[in-house]
Amino acid sequence: MELTKAEKIVLVSMVTDCIGVEVLIELCGKESVSKLDVMAIDLAGNTTPNEMSEIGPSAVKKLVTSILDESLNQEEG
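Reminder that position 38 of the sequence shown reads as 38 in full-length UniProt numbering, one-by-one numbering, no gaps.
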């Protein structure tokens, strides 16, 4: 499973909605969060609303598939 840059940004945004920006800053540092914010704004500005609505579900699907595949491989191995 390889997530695109856009998918990674959207997943971090989803997690940030859950844990809060303050926690993300504590975990990653203010400079990193600021850089990520610029990337997210750029992504939103260069992506159609339809594309944006597809990125999150695509990322979650890839993540779930990867988890299940890893679990299956561990059971077989």
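Backbone N, C-alpha and C define an ideal beta-carbon position, used for all residues, glycine too. Bear in mind the structure is a predicted one, so any value in this text is a computation, not a measurement.
- Here the stretch 4-23 makes contact with the stretch 40-57; the two share three or more CB pairs at distances below 8 Å.
- Across the structure, Asn-73 and Thr-47 are spaced so that their CA atoms are roughly 36 Å apart.
- At a Cβ-Cβ threshold of 8 Å, Val-33 and Ile-25 count as neighbours.
- A distance below 7 Å between beta-carbons, with the five flanking residues on each side excluded, links Ile-55 to the following residues of its chain, in chain order: Ala-6, Glu-7, Val-10.
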